[in-house]
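*Asks:* For any residue, its number in the numbering used here is found by taking its place in the sequence shown, counting from 1, and adding 4. Can you keep this structure in mind? I'll have questions shortly.
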Amino acid sequence: MRQRWSIAGQLFALQVLVVSLLVAGGTTGAVLLARNDAHDAAVEEVKAVAEAIALSPMVADALRSPRPSAVLQPYAEATRIATGTDFVVVMATDRTRYTHRSPDLIGQKFAGTVAGALAGGTVVEQYRGSLGESVRTVVPVRAADGTVMGLVSVGITTKEINRKLLGQAPPVALATVAALLLAAAGAWLLSRRLRRQTHGLGPAEMTRMYEYYDAVLHAVREGLVVVDRDGRVALINDEGRRLLGIDQDARTDRRVGELELPAEAAALLTSRRTTVDEPVLAGDRVLVASQRETRFEGRTLGTVLTLRDHTELRALTGELDSVRGLTEALQSQAHEAANRLHTVLTLVELGRTDEAIRLATDELALAQQLTDQVVGALTEPALAALLLGKSAQASERGVELTVDDSSRLEGEPLPSRDLLTVVGNLVDNALEAVAAAPPPRRVRVLVREQDAAVLVRVSDTGPGMSADQAAAAFRRGWTTKDGPGHGVGLALVRQVTERYGGSYDVTPATGGGAVLTVRLPVPS
């Protein structure tokens with residue numbers, strides 16, 4: 005299988021290629037500029053030398069002598085060697101050479117352009133002559149009256165110009181190699197850092213990973229919150245936004261404290277502590293949260309919080325507990341009723357009919373009295389059924405549960421579910437409080453509509469609460485019982501109360517115990 009390049013490898017190769025092209029282009033440009041500069045310098049040099057020779061009085065005198073070459077040839081060669089030029093030619097106006105580097109060419113015609121010089125100007129050209137291609141200049145030698153009496157040509161071969169240019173190549177090549185090595189080292193360091201950050205993955209792998217992970221994170225039914233090591237929220241999936249009440253379009257790349265998160269969820273994220281299946285209240289929901297630290301190759305990346313919605317499960321569990329408690333109470337009552345029925349039948353068989361009738365009548369009146377009181381005071385059927393069921397549970401646990409005579413609730417001023425949450429949890433808390441207390445064990449319930457609000461007051465004869473316990477009672481997690489799963493009931497009461505803008509408080513009861521009072525305003 006063909007191995008694909010990682011993003012870091014591709015970036016390194018691309019950077020090396022781009023830098024190499026840039027350096028090659030820069031070097032080529034520098035060479036061309038140096039070549040042009042060398043050409044211009046050669047032109048200026050030969051022109052200066054030719055003009056200096058043409059202005060020499062000795063040259064003019066020699067041109068008028070019968071044997072110009074005898075005087076001019078040694079002078080021209082000495083000047084050529086001294087100036088580093090390749091040839092110095094002094095000629096007549098008819099192109100006849102009086103001097104030349106090659107003595108065999110003296111007396112022959114000069115090859116090149118001289119028309120401009122004969123007219124009194126200066127000729128500069130690149131021409132291929134007897135010594136090869138050269139850069140040359142031709143200037144006139146003037147007599148005292150200004151007439152042109154001869155010509156001087158000085159030149160440097162392009163081969164010599166290139167040789168001088170090649171002498172500058174080692175520094176240029178060294179600078180080029182240094183630039184390439186420096187650029188390659190920088191590209192390698194950058195690709196190494198990128199390789200660590202991308203874990204050596206290629207574009208296809210990263211694209212596939214992003215697509216799959218994004219699809220999975222938004223499809224799972226658990227809320228997911230990822231916080232980096234700097235305390236900034238890196239990711240919240242769709243379910244997490246729904247459970248925490250965050251708008252789907254809200255930006256999450258902020259610190260935990262800058263997001264409008266539920267207080268308990270924010271506190272858990274800020275603490276960064278490890279926890280498993282911890283109940284968390286978020287608005288109307290009961291969430292189960294698990295949080296742990298994430299690490300990769302020994303480095304801490306942050307924390308991951310997972311959330312599961314247990315609101316419906318908690319409600320179903322509460323209903324199941326109520327049904328189970330009511331079933332157990334009914335079984336107990338059925339057992340007690342069977343005992344009393346046997347007693348009545350035995351009394352009848354013994355001929356003690358009056359005592360049998362009195363016993364049966366008293367038991368029936370006692371049961372009917374509580375039912376009539378609850379049903380007559382509370383027309384809300386679900387609440388009445390709840391209190392009757394709680395009364396049966398209390399009787400089973402040896403607790404006397406009574407409904408205050410002043411209880412009165414007409415119709416359904418509040419949704420049944422909220423009333424059941426408040427009354428059920430307050431009664432359960434009171435039953436738990438008095439269950440382990442010494443006799444008498446009593447719980448008294450008051451539910452009535454008063455001043456445009458539903459007032460719920462539950463008092464008990466339990467051990468009561470200290471000031472600190474009373475202040476913490478309605479916080480999630482506060483409980484006097486051992487084991488997990490407790491400390492949610494009163495927190496749910498607080499949650500419902502705050503949603504209605506109501507109030508709750510805990511006061512000591514007369515003679516011992518506690519009184520928990522909740523006031524729920526009735527919406528207009």
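By construction, the Cβ of each residue, glycine as well, lies at the ideal position given by its N, Cα and C atoms.
What are the boundary residues of the beta strand (DSSP E) that includes P266?
*Replies:* For the purposes of this step, residue 266 is identified with residue 262 of the sequence shown, where counting begins at 1. First-last for P266: undefined, no H or E at that position.
*Asks:* For A96, which option in V53, R84, P107, S157 has the closest C-alpha, if you only look at C-alpha atoms?
*Replies:* Here the question's residue 96 lines up with position 92 in the sequence shown. Nearest option by C-alpha distance: S157.
*Asks:* Does F300 pass the burial test, meaning 16 or more other C-beta atoms within 10 Å, or should it be called exposed?
*Replies:* Counting from one through the sequence shown, the residue named residue 300 turns up at place 296. Counting Cβ neighbours within 10 Å, F300 comes out exposed, since fewer than 16 surround it.
*Asks:* Rounded to whole angstroms, what's the CA-CA distance from D509 to P442? Just pull it up for me.
*Replies:* Residue numbering aside, residue 509 sits at position 505 when the sequence shown is read from its first letter. Residue numbering aside, residue 442 sits at position 438 when the sequence shown is read from its first letter. For D509 and P442, the distance between alpha carbons rounds to 25 Å.
*Asks:* From V118, Y102, A119, pick the residue whose C-alpha is nearest to that of G111; which is it?
*Replies:* What you label residue 111 is simply residue 107 of the sequence shown in a count that begins at 1. Checking every option, the nearest Cα to that of G111 belongs to Y102.
*Asks:* Are L494 and L459 touching if we call contact CB-CB under 9 Å?
*Replies:* On the sequence shown, position 490 is the one that residue 494 refers to. On the sequence shown, position 455 is the one that residue 459 refers to. No, the pair does not count as a contact, with Cβ atoms beyond the cut-off.
*Asks:* Can you give me the C-alpha to C-alpha distance between E453 and E414, rounded to a whole angstrom?
*Replies:* Taking the first residue of the sequence shown as position 1, residue 453 is located at position 449. Taking the first residue of the sequence shown as position 1, residue 414 is located at position 410. The alpha-carbon atoms of E453 and E414 are separated by roughly 8 Å.
*Asks:* Which first and last residues belong to the beta strand (DSSP E) in which A286 is found?
*Replies:* Looking up residue 286 in the sequence shown gives position 282. Per DSSP, A286 belongs to the beta strand (DSSP E) from 279-286.
*Asks:* Does DSSP put D108 in a helix, in a strand, or in coil?
*Replies:* Counted from its first residue, the sequence shown places residue 108 at position 104. Three-state result, D108: helix.
*Asks:* Which full runs of the beta strand (DSSP E) of 3+ residues lie inside the segment 56-95, going along the chain?
*Replies:* 91-95, all fully within the segment 56-95.
*Asks:* Between the Cα of T87 and the Cα atoms of T310, P70, A46, D65, which residue gives the shortest distance?
*Replies:* On the sequence shown, residue 87 is found 83 positions in, with the first residue counted as 1. If we check each option's Cα against that of T87, A46 comes out closest.
*Asks:* Decide yes or no for the touch test of the segment 434-441 against the segment 470-479: beta carbon pairs closer than 8 Å, at least 3 of them.
*Replies:* The answer is no - the segment 470-479 does not touch the segment 434-441, with fewer than three Cβ pairs under 8 Å.
*Asks:* Contact between the segment 344-364 and the segment 397-406: three or more CB pairs below 8 Å?
*Replies:* Because the criterion of three Cβ pairs below 8 Å is not met, the segment 344-364 and the segment 397-406 do not touch.
*Asks:* Considering only the alpha carbon of each residue, which of T465, R461, A457, A513 lies closest to G505?
*Replies:* As a first step, residue 505 is located in the sequence shown; it is residue number 501 there, counting from the start. G505 has its Cα closest to that of A457, out of T465, R461, A457, A513.
*Asks:* Taking only three categories from DSSP, how would you classify Q295?
*Replies:* By one-based count along the sequence shown, residue 295 stands at place 291. Reduced to three states, the DSSP call for Q295 is strand.
*Asks:* Would R105 be called buried (16 or more neighbouring beta carbons within 10 Å of its own) or exposed?
*Replies:* Numbered from its first residue, the sequence shown carries residue 105 at position 101. Counting Cβ neighbours within 10 Å, R105 comes out buried, since at least 16 surround it.
*Asks:* Could you give the distance in angstroms between the alpha-carbon of D251 and the alpha-carbon of T274?
*Replies:* Residue numbering aside, residue 251 sits at position 247 when the sequence shown is read from its first letter. Residue numbering aside, residue 274 sits at position 270 when the sequence shown is read from its first letter. Rounded to the nearest angstrom, the two C-alpha atoms are 21 Å apart.
*Asks:* Taking only the alpha-carbon atoms, compute the straight-line gap between P144 and A82 and give it to the nearest angstrom.
*Replies:* In the sequence shown, the residue the question calls residue 144 occupies position 140. In the sequence shown, the residue the question calls residue 82 occupies position 78. Going by the C-alpha atoms only, they are around 20 Å apart.
*Asks:* Report the three-state DSSP secondary structure of A518 (helix, strand or coil).
*Replies:* Locating residue 518 in the sequence shown gives position 514, counting from the first residue. Strand at A518.
*Asks:* When burial is assigned at 16 or more other CB atoms within 10 Å of the CB, is I85 buried or exposed?
*Replies:* Position 81 of the sequence shown holds residue 85. Exposed: under 16 other Cβ atoms inside 10 Å.
*Asks:* Measuring only the C-alpha atoms, how far is L221 from N241?
*Replies:* The sequence position of residue 221 within the sequence shown is 217, counting from 1. The sequence position of residue 241 within the sequence shown is 237, counting from 1. The straight-line gap from Cα to Cα measures roughly 6 Å.
*Asks:* Verify whether the separation of the beta carbon atoms of V500 and D422 is less than 9 Å.
*Replies:* By one-based count along the sequence shown, residue 500 stands at place 496. By one-based count along the sequence shown, residue 422 stands at place 418. Yes. Within cutoff.
*Asks:* Go through its chain and collect everything with a Cβ distance to G150's Cβ below 6 Å, but skip five positions before and after it.
*Replies:* In the sequence shown, the residue the question calls residue 150 occupies position 146. Taken in chain order, the list of residues that qualify is empty.
*Asks:* Tell me the rounded alpha-carbon separation between E416 and T278.
*Replies:* On the sequence shown, position 412 is the one that residue 416 refers to. On the sequence shown, position 274 is the one that residue 278 refers to. Their backbone Cα atoms lie some 44 Å apart in a straight line.
*Asks:* Go to Q130, then tell me how far its beta strand (DSSP E) extends in each direction, as first and last residue.
*Replies:* Within the sequence shown, residue 130 is the residue found at index 126, counting from 1. 127-133 is the extent of the beta strand (DSSP E) around Q130.
*Asks:* Output the boundary residues of the alpha helix (DSSP H) element that contains Y508.
*Replies:* By one-based count along the sequence shown, residue 508 stands at place 504. Per DSSP, Y508 belongs to no alpha helix (DSSP H); it is in the beta strand (DSSP E), 507-512.
*Asks:* Could you pull the DSSP bridge partners for R140 from this structure?
*Replies:* On the sequence shown, residue 140 is found 136 positions in, with the first residue counted as 1. Bridge partners of R140: E129, G159.
*Asks:* By the three-class DSSP mapping on this structure, what secondary structure does G415 have?
*Replies:* Taking the first residue of the sequence shown as 1, we reach residue 415 at position 411. Reduced to three states, the DSSP call for G415 is coil.
*Asks:* Between which two residues does the alpha helix (DSSP H) holding V427 run?
*Replies:* Within the sequence shown, the letter at position 423 stands for residue 427. Residues 420-439.
*Asks:* With a 10 Å radius around its C-beta and 16 neighbouring C-beta atoms as the bar for buried, classify M469 as buried or exposed.
*Replies:* What you label residue 469 is simply residue 465 of the sequence shown in a count that begins at 1. M469 should be labelled buried.
*Asks:* Take T425 and list the residues in its own chain whose beta-carbon comes closer than 6 Å to its own, dropping the five residues that flank it on each side.
*Replies:* Indexing the sequence shown from 1 puts residue 425 at position 421. Hits under 6 Å: L496, V500.
*Asks:* What residue from A398, S410, A28, S411 has the CA that sits closest to A431's CA?
*Replies:* The residue you call residue 431 lines up with position 427 of the sequence shown. At residue 431 the sequence reads Val, which differs from the Ala that was named. It is A398 whose Cα lies nearest to the Cα of V431.
*Asks:* Mind checking G244: buried by the 16 CB within 10 Å criterion, or exposed?
*Replies:* Position 240 of the sequence shown holds residue 244. With 16 or more Cβ atoms within 10 Å of its Cβ, G244 is classed as buried.
*Asks:* Short of 6 Å in beta carbon distance, which residues of its chain neighbour L184, apart from the five on each side in sequence? Order them along the chain.
*Replies:* If you number the sequence shown from 1, residue 184 lands on position 180. The answer, listed in chain order, is V27.
*Asks:* Please report the Cβ distance between L247 and L311, rounded to the nearest whole angstrom; I am assuming they are in contact, meaning their Cβ atoms lie under 8 Å.
*Replies:* Indexing the sequence shown from 1 puts residue 247 at position 243. Indexing the sequence shown from 1 puts residue 311 at position 307. That pair is a contact at about 5 Å.
*Asks:* Can you give me the Cβ contacts of D313 inside the same chain, cut-off strictly under 7 Å, excluding the 5 residues immediately before and after it?
*Replies:* As a first step, residue 313 is located in the sequence shown; it is residue number 309 there, counting from the start. Same-chain partners within the cutoff: L247, R289, L291.
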